[in-house]
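*Asks:* This structure is in structure tokens; I'll ask about it shortly.
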Amino acid sequence: MTGEAAEWRPNAGLAALKRRAAMLAELRAFFAERGVLEVETPLLSAETTPDLHLEPLSSRVDAPGVECRRMYLQTSPELAMKRLLAAGSGSIYQVCKAFRGGERGRWHNPEFTILEWYRVGWDVHRLMREVAALIETLLAGSRRLEPAVYASYAELLQRHAEVDPYDSPTEALRRAVEDTPSPVDTSGLDRDDLLSRLFGERVEPRFAPDRVTVVFGYPASQAAMARLNASDPRTAERFEAYVGEIELANGYGELCDPVEQRQRLERDLASRRGTGRPPLPMPSRFLAALESGLPHCAGVALGLDRLLGLDLQAGSIDELIAFPLERA
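Using numbering that gives the first Met the number 0, the first residue of the sequence shown is number 0, and each one after it goes up by one.
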């Protein structure tokens, strides 16, 4: 037996498959105890988030009585879950597959498992604490974690990279990137690219492997679907959670204003067109849900494969997925 036929066996061992099943049971118990409703939303939809940093996978779909059209495998269940929130679901969570084109590497597979949840009436700091609590709960059987630490994006860059994300001139950021252990050609990088590069090179390696580190207060230019901080509009109500250098979760105090959300989406769609990337539709059903009234809430997405990898001390995502891309 040769070629693809010889690769019928799963990549992940039985121990990884069993631990994945146990972790899913544990997280469901975590949310059941807190009264958070589990939901399901379509993985294949006519709408998708036009994120500048994500490339959705799509397919032409034909069905009896339905006009053939292009539909998208979801990069996250965010849009449909917010439609449920606007319809009065209350706090909800979902475990599902997500799909992102152009992503393959040590901790990236185009198809992966995501946990996403939304807390109605919560602010972003309360959700940050719950994220840390969930990670600590799910890793309790494999490692003892020290209490979580919380630090602002600006504070960390000032301390470890000696730059200010708001006040340092762009040329100073460029020089700082060129002085990192892994310098790159910075000529095509904008300010946010430079900051992200510095954060990855100078800050993330400082995160302790035995605790959850939560970074909050990202620049407004990196807000995505987060609302801006009312007390400091230079920053967004966005956070990320790490264990060591592994980024596990990305969360927001959710933007509820449909006018501002439409403006952001229009800018993102225009930016995609400007770079020659495939056009994406405006997510009109999602915007209609916001116009009907999205409740004040905070939400977060967490990569379960990465968390499982930390739990099992795996070397890559391929050790955790039964059939990664090359064997799918």
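We put the beta carbon where it would ideally sit given N, CA and C, even for glycine.
#1: Would residue 249 and residue 300 qualify as a contact pair, given that the criterion is a beta-carbon distance under 8 Å?
#2: Could you work out which residue in 198, 223, 76 and 202 is closest to residue 99 when comparing CA atoms only?
#3: Give the secondary structure of residue 177 by DSSP, where H, G and I count as helix, E and B as strand, and everything else as coil.
#4: How about the region 66 to 82 and the region 293 to 309: do they share at least three Cβ pairs that are nearer than 8 Å?
#5: Using CA coordinates, which residue listed in 189, 208 and 6 is at the minimum distance from residue 221?
#6: Any idea what DSSP makes of residue 61, helix, strand or coil?
#7: Can you look up residue 224 in the DSSP assignment and give me helix, strand or coil?
#8: Output yes or no for whether 8 Å exceeds the beta carbon distance between residue 130 and residue 251.
#9: Within its chain, find whatever has a CB closer than 6 Å to the CB of residue 243; leave out the 5 residues flanking it on each side and keep chain order.
#10: Could you spell out where the alpha helix (DSSP H) holding residue 195 opens and where it closes?
#11: By the DSSP assignment, the alpha helix (DSSP H) with residue 152 in it spans what residues?
#12: Roughly how many whole angstroms lie between the Cα atoms of residue 306 and residue 29?
#13: I want to know whether the region 154 to 171 touches the region 187 to 204 - three or more CB-CB distances under 8 Å.
#14: At a cut of 8 Å, does the region 21 to 37 reach the region 260 to 277 through at least three beta carbon pairs?
#15: Per DSSP, which residues does residue 56 bridge with? Please list them.
#16: Do three or more CB pairs link the region 11 to 24 to the region 47 to 55 at distances below 8 Å?
#17: Can you give the Cα-Cα distance for residue 216 and residue 238, rounded to whole angstroms?
#18: What residue range does the beta strand (DSSP E) around residue 134 cover?
#19: So the candidates are 279, 314, 325 and 303; which of them puts its Cα closest to the Cα of residue 68?
#20: Taking just the CA atoms, how far does residue 64 sit from residue 219?
*Replies:* This is what the structure holds:
#1: yes
#2: 76
#3: helix
#4: yes
#5: 189
#6: strand
#7: coil
#8: no
#9: 206 and 208
#10: 190 to 197
#11: 152 to 159
#12: 15 Å
#13: yes
#14: no
#15: 72
#16: no
#17: 7 Å
#18: Where residue 134 is concerned, there is no enclosing beta strand (DSSP E), although the alpha helix (DSSP H) it sits in stretches over 123 to 138.
#19: 279
#20: 44 Å
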